[in-house]
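Here this note's numbering is used: the sequence shown runs in plain steps of one and ends on residue 219.
All C-beta atoms, glycine included, are put in the ideal place defined by N, C-alpha and C.
A short worksheet on the structure shown next.
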Amino acid sequence: MKKIRCQEIGMILLGSFILATTLYHIHFQNHLVEGGFIGIALILKNLFGISPSISTILMDIPIILAAAKLLGMRMVVNTFIGAASFSVFYSLMENYSPFTIDLTNYLWAAAILGGVLAGIGLGLILRFGGATGGDDIISILLSKYTKLTIGQVFFVFDAVIIALSLYYLTWTEVAFTILAIAICSKVMDYMYYSSEEKETEATVVSLPKTKQQQHVAS
Numbered sequence: 002m003k004k005i006r007c008q009e010i011g012m013i014l015l016g017s018f019i020l021a022t023t024l025y026h027i028h029f030q031n032h033l034v035e036g037g038f039i040g041i042a043l044i045l046k047n048l049f050g051i052s053p054s055i056s057t058i059l060m061d062i063p064i065i066l067a068a069a070k071l072l073g074m075r076m077v078v079n080t081f082i083g084a085a086s087f088s089v090f091y092s093l094m095e096n097y098s099p100f101t102i103d104l105t106n107y108l109w110a111a112a113i114l115g116g117v118l119a120g121i122g123l124g125l126i127l128r129f130g131g132a133t134g135g136d137d138i139i140s141i142l143l144s145k146y147t148k149l150t151i152g153q154v155f156f157v158f159d160a161v162i163i164a165l166s167l168y169y170l171t172w173t174e175v176a177f178t179i180l181a182i183a184i185c186s187k188v189m190d191y192m193y194y195s196s197e198e199k200e201t202e203a204t205v206v207s208l209p210k211t212k213q214q215q216h217v218a219s
């Protein structure tokens, strides 16, 4: 159990590192924007001058409290690990990374690369029971009570937020960001649901053997 828990935390940390690296070195450095609660926070900052550091916390807290009841405390702990580690990794890169990935003349490449890597990072975090904040938890909860996948909810939610950002962003930035989100949602779903399919297949394969053993025993 302890070994499984260590592996779980390790994979969440790895996912957070990949996600932070992608959002800073690809999205931020090439002017791709953000959706989710970060996107809402940026809109509030532009409209009312509210600091994103305050607005994101105010949005995250009620969602995380709801998750404690609906998804369990383990999910809340893993979300805290995912969110905190992402913030630490992003801050370290923002302040100390010497690398620059300049794809401003090839935004299509930035969107594809950013979408794939962000999807891998988020997929790992979700696959091992974590999240990076309240917007991820909303995607998980809506997918549980609808026929949509987590990635589909993530795409719709983020695309709406980014579309609302058009009043201070260019069409080009918005279009390539939506492309990145579409790719990210597909990769995220593959990472998350492929593990569930493998577990289901393993259970189905083991059933005939169990029945055979019961038959021999009788």
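Which of the three DSSP states, helix, strand or coil, is assigned to THR57? It is helical.
Here's the rule I'm using: 16 or more other beta-carbon atoms within 10 Å means buried, otherwise exposed. How should CYS185 be labelled? That one is buried.
Just checking my contact of ALA67 with THR80 at CB under 8 angstroms: how many whole Å lie between their CB atoms? That belief does not hold up - the Cβ atoms of ALA67 and THR80 are roughly 12 angstroms apart, past 8 angstroms.
Compare the C-alpha of GLN30 against each of ILE182, GLY40, THR101, LYS4 and name the closest. Looking at the Cα atoms, THR101 is the closest of the given residues.
Out of ALA111, GLY73, ILE163, state which residue places its alpha-carbon closest to the alpha-carbon of ILE39. Relative to the Cα of ILE39, the nearest Cα in the group ALA111, GLY73, ILE163 belongs to ILE163.
Just the Cα atoms here: how many angstroms apart are MET12 and ILE126? Distance between the alpha carbons of MET12 and ILE126 is about 7 angstroms.
How would you write the range of the alpha helix (DSSP H) that ILE142 sits in, first residue to last? Position check: residue 142 holds Leu in this sequence, whereas Ile was assumed. LEU142: member of the alpha helix (DSSP H) spanning 135-146, first to last residue.
Whole angstroms is fine: what's the gap from LEU93's alpha carbon to LEU142's? Taking C-alpha positions only, LEU93 is separated from LEU142 by approximately 31 angstroms.
Close Cβ partners of PHE129 (< 6 angstroms) along its chain, the five nearest in sequence each way excluded: So the list reads GLU9, MET12, ILE13, once near-sequence residues are dropped.
Going by Cα to Cα distance, which pick from CYS7, LEU45, PHE177, LYS145 is closest to ALA112? The candidate whose alpha carbon is nearest that of ALA112 is PHE177.
As assigned by DSSP and simplified to three states, the class of SER195: When secondary structure is reduced to three states using DSSP, SER195 falls in the helix class.
Check whether the segment 23-37 and the segment 146-162 touch, using three or more Cβ-Cβ pairs below 8 angstroms as the test. They touch, by the three-pair rule.
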